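Residue numbers (our numbering): 9 to 1101. Every residue gets a Cβ at the ideal spot worked out from N, C-alpha and C, and that includes glycine. Given the structure is predicted, the values throughout are model-derived calculations rather than measurements. Okay, structure first, notes after.
Right, dumping it as structure tokens:
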């Protein structure tokens, strides 16, 4: 314990009871167990009390001829003195509830004279069978060895039993200790250390000299000799049985104690000298260091059940490595291994050779699973051979060593003899072969399978192609779950378990940063333990990732001495050049969900596609970067070949460096986060970094075209990954901004648009037509973001300059006019918007024809204005025309077709045709979820509109559930101040009001009204919805003065809108609010909410 104090830099010497869960002993060992575990003494205190007791008790021998040589009353008196010194009364119970009891569990052994074959346990803790006794009685019982002390009687008068010391049955109570531990802690409790402390190898016959003349001494000598032999035999058996487990250690002075008899307990200096000499020896010193490692990291490498099984095992192992102390069970793969490898009957076992293949990247825990399986089920096999599969030579060498380990009769056998040995059929003969780390694709592993129909084989490999060898099942070992990974990290970092809330949060951040890879978790845990930086590890990792992942931890999985990055280095070296190129290009994208289709789409244009072109110089020309991509992915650099690209991918899959996942009729590439990090960190040259980044950007841009709209939803995380590192060309920024704006990521889109505008002004001037293109795109993004005033200013500027530069009928001029009209529409300037839209529509019909896609867009814009103004008939006629034409030109699933369909549903809604609206909007929602995703802004619009329809059908609960989801998603996607988020708040508030949740309705409406006023002003039509709804909510709450105050304001604004537009919905709302001022009636419900066109 003194060494532990120094190693852990503790302020005081630790207590044994703080580091051991259970202590047991017999005789003097029982007394020591009570001192250390029940009284919680330090080792020094226990030694002092032990020596004092022995000197006093054993110096006072009775007269020769007495059956018991020493006075039991003296022993009781000395134990009572000890109890008093530590604040306990003489009648203190062994299992008492005082403050000293409970730190660890203690039992001492004795034997009832009525049954000398059974060991009785006196416990400090509750158990099914318990002996109610005092501490003094327990010490008396365990020390009542034959001819030393008389037996002790314990128990109530009618049920009292006589006890003597337990040394004649269990002088070494290790087996009782293990059995008791399984009962108390359960079979699944992991075990870190069993420390067996012996008393040396005494020469029992010397005792006769100590009590010369005692007529009973011959019998005593015989008994004690048997006891001593039994104690050492038990120790030897346990040492042999648990030799490979790494948890059992015995300390016992091996020299100098042979001549120490009872009479020499007065000479403790002699005992201390022999003990000190033993402890300073190399063997004992090594054992103590092993014990200290277990005490400092009490994680446990084996469960109590596994230890029990290992004690019963007769399986012959060859080369099975130790199981890591950080092993955590992974139920899914474990269940698969059990199903695949364990036969239900001997008949079933004889029908097939059971081969199970575990694939996965280096350090994912494949080897550990195979070792755990071998240890768990070794009783099912007569032989278990663990073979190094790194080369054919190592496999042959291990097979030869395995057969030769069977005994002298096999000393000249070869690897082929080993296979023949395993192939034989014999009753009770079964085996398990583990081929570990068979990663080299050149190895023909089949030649090393015994040619028979029995036996079990586990193959661990990075090479996914070996999965075809499985006769039962193969398993692609992926990342751990959060809980599994946190468990591994905390164990390897030696953190308290169960963890504190803070530790759990820190650990979760670390495991997610490391992609749940076991070897990385152990490496991180080991490093944080060594450097005392667990709380700061994630910050260190983010700033020193490459250095940390190349660090070699001192304690790795299965003695896995490679760092995380070194393991990837090994796989990388075996890759063809095309695979290396792909790995580095993808390092600049997000590590998951990389659309495989991007590569074939880019190849269609020879990687030269560009949508927006601004005259700004590039570091690498597009032609140069496109040539790099062609050289990397075209066969011989000449032309695109799907099969050739498949081979490139396959070479990465062989080493489990990438996986392919299919979803929504698309294939996606997934890289483990640490493989992905390695692919970037391994680029040490700045030129290489710029080259691969440019290739990744070019690859992405080629998929941003309008023809590939179905792929756009999958590009967003990769664009954000690229954009995060900045320094992109305006052409690329423009392409990426378009995709981000489509997905509702407006802030990032705006930042890119601003960068494009800045670069264009610098290179082309403020009034250049390319600069105007940049301003037009910026205005469009402002409009989508809800910054309508800024959008109107920019759109007006662009329109005016384009009319001057290009003329009123130029296509770009008409687009600018249409954008300005849409902005007016959003600002509530509907008449102005309608005038501009009519002009654009007529010009496009004349210039492009009525069926041109731009003409149809102009019709859609005008229909949208009709909807907002309440011109339902005109809107429906135009909307149907747009819907039909878009279906012909674009197909049923194109976003523009779905928008036309959604607008039709909205028209039905406004005309109170709610059933028709619901059917159509449900169809639109299903298709939008399919082609755009569940969180796309258009999908949320559909959900919003369905909820509005459901509320009109009095299906309030359904409406509420949808509206709560929409509000949460819009807050997440757009933030709390975006117009769409405010509309969602207004709609949910109306539903809350209708179902009686007036307080929640009030809170949402007050916030929505304040945000609307801040964003677009008090007089904007969109502000009137939350204002009117808040007025009516106050009225329902009985807050009549507040309701009237708001009603005055609302009536003025609503009259202005009605006088201008004669909008039927606003007229109805005006009547409702006016009624509060005119008559103050009881409000009967207003279902008006915002729907989206």
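Can you check which of these residues, the options, is closest to residue i by C-alpha distance?
{"i": "residue 755", "options": "827, 792, 770, 449", "result": "792"}
{"i": "residue 42", "options": "278, 843, 104", "result": "104"}
{"i": "residue 871", "options": "925, 858, 166, 845", "result": "845"}
{"i": "residue 1039", "options": "1022, 1084, 414", "result": "1084"}
{"i": "residue 742", "options": "725, 181, 762, 395", "result": "762"}
{"i": "residue 1", "options": "590, 708, 790, 504", "result": "There is simply no residue 1 to check, as the chain begins at 9 and stops at 1101 in what is shown."}
{"i": "residue 374", "options": "699, 485, 310", "result": "485"}
{"i": "residue 541", "options": "727, 515, 14, 908", "result": "515"}
{"i": "residue 363", "options": "482, 433, 704", "result": "482"}
{"i": "residue 370", "options": "468, 1046, 971", "result": "468"}
{"i": "residue 284", "options": "305, 301, 260", "result": "260"}
{"i": "residue 738", "options": "291, 648, 759", "result": "759"}
{"i": "residue 154", "options": "140, 136, 177", "result": "177"}
{"i": "residue 988", "options": "951, 149, 1045", "result": "951"}
{"i": "residue 595", "options": "575, 643, 729", "result": "729"}
{"i": "residue 1059", "options": "611, 1026, 734, 35", "result": "1026"}
{"i": "residue 333", "options": "133, 724, 499", "result": "499"}
{"i": "residue 825", "options": "102, 843, 835", "result": "843"}
{"i": "residue 961", "options": "861, 920, 615", "result": "920"}
{"i": "residue 523", "options": "855, 681, 1055", "result": "681"}
{"i": "residue 671", "options": "1081, 600, 627, 626", "result": "600"}
{"i": "residue 778", "options": "583, 311, 806", "result": "806"}
Can you tell me where the alpha helix (DSSP H) holding residue i begins and where it ends?
{"i": "residue 498", "result": "490 to 500"}
{"i": "residue 1037", "result": "1029 to 1044"}
{"i": "residue 282", "result": "276 to 287"}
{"i": "residue 303", "result": "290 to 304"}
{"i": "residue 744", "result": "738 to 750"}
{"i": "residue 621", "result": "Unbroken run through residue 621: none, as it is neither H nor E."}
In this structure, does DSSP put residue i in helix, strand or coil?
{"i": "residue 117", "result": "strand"}
{"i": "residue 99", "result": "coil"}
{"i": "residue 338", "result": "coil"}
{"i": "residue 230", "result": "Any reading at residue 230 must be qualified, since the residue scores a pLDDT of 44, below 50, and its modelled position is unreliable; the value itself is stated next. Note: residue 230 maps to helix in three-state DSSP."}
{"i": "residue 720", "result": "helix"}
{"i": "residue 178", "result": "helix"}
{"i": "residue 38", "result": "helix"}
{"i": "residue 882", "result": "helix"}
{"i": "residue 142", "result": "strand"}
{"i": "residue 271", "result": "With a pLDDT of 43 at residue 271, under the threshold of 50, the modelled position of that residue is not reliable, and the figure given next carries that caveat. If DSSP states are grouped into helix, strand and coil, residue 271 belongs with the helices."}
{"i": "residue 311", "result": "strand"}
{"i": "residue 32", "result": "strand"}
{"i": "residue 324", "result": "Low local confidence applies: a pLDDT of 48 at residue 324 is under 50, so the model's placement there is unreliable, with the coordinate-based value given in what follows. Strand at residue 324."}
{"i": "residue 755", "result": "helix"}
Round the Cβ separation of residue i and residue j to the nearest angstrom and send it over; I've been treating them as touching at under 8 Å.
{"i": "residue 964", "j": "residue 929", "result": "With 8 Å as the limit, residue 964 and residue 929 do not qualify as a contact, their Cβ atoms being about 18 Å apart."}
{"i": "residue 822", "j": "residue 802", "result": "17 Å between Cβ atoms; not a contact."}
{"i": "residue 993", "j": "residue 981", "result": "Wrong, their Cβ atoms sit about 14 Å apart, outside the cutoff."}
{"i": "residue 462", "j": "residue 433", "result": "7 Å"}
{"i": "residue 456", "j": "residue 403", "result": "5 Å"}
{"i": "residue 719", "j": "residue 711", "result": "5 Å"}
{"i": "residue 957", "j": "residue 931", "result": "Rounded, the Cβ-Cβ distance is 13 Å, inconsistent with contact."}
{"i": "residue 84", "j": "residue 30", "result": "Residue 84 to residue 30, Cβ: 26 Å. No contact."}
Which two residues bound the contiguous beta strand (DSSP E) that contains residue i?
{"i": "residue 396", "result": "391 to 396"}
{"i": "residue 9", "result": "First-last for residue 9: undefined, no H or E at that position."}
{"i": "residue 443", "result": "439 to 444"}
{"i": "residue 468", "result": "464 to 469"}
{"i": "residue 203", "result": "202 to 205"}
{"i": "residue 162", "result": "160 to 162"}
{"i": "residue 594", "result": "Element bounds for residue 594: not the beta strand (DSSP E) but the alpha helix (DSSP H), 585 to 594."}
{"i": "residue 172", "result": "169 to 173"}
* To do: Ignoring anything shorter than 4 residues or poking outside the region 624 to 689, list the alpha helix (DSSP H) runs there in chain order.
  => The region 624 to 689 contains these whole alpha helix (DSSP H) runs: 630 to 641, 650 to 662, 681 to 689.
* To do: Scan the region 790 to 823 and note each continuous alpha helix (DSSP H) run of 4 residues or more that stays entirely inside, going in chain order.
  => Complete alpha helix (DSSP H) runs here, min 4: 796 to 814.
* Asked: Which parts of the region 850 to 938 are runs of the beta strand (DSSP E), unbroken and 3 residues or longer, counting only runs that do not cross its ends?
  -> Under the rule that a run must span 3 or more residues, no beta strand (DSSP E) segment is found entirely inside the region 850 to 938.
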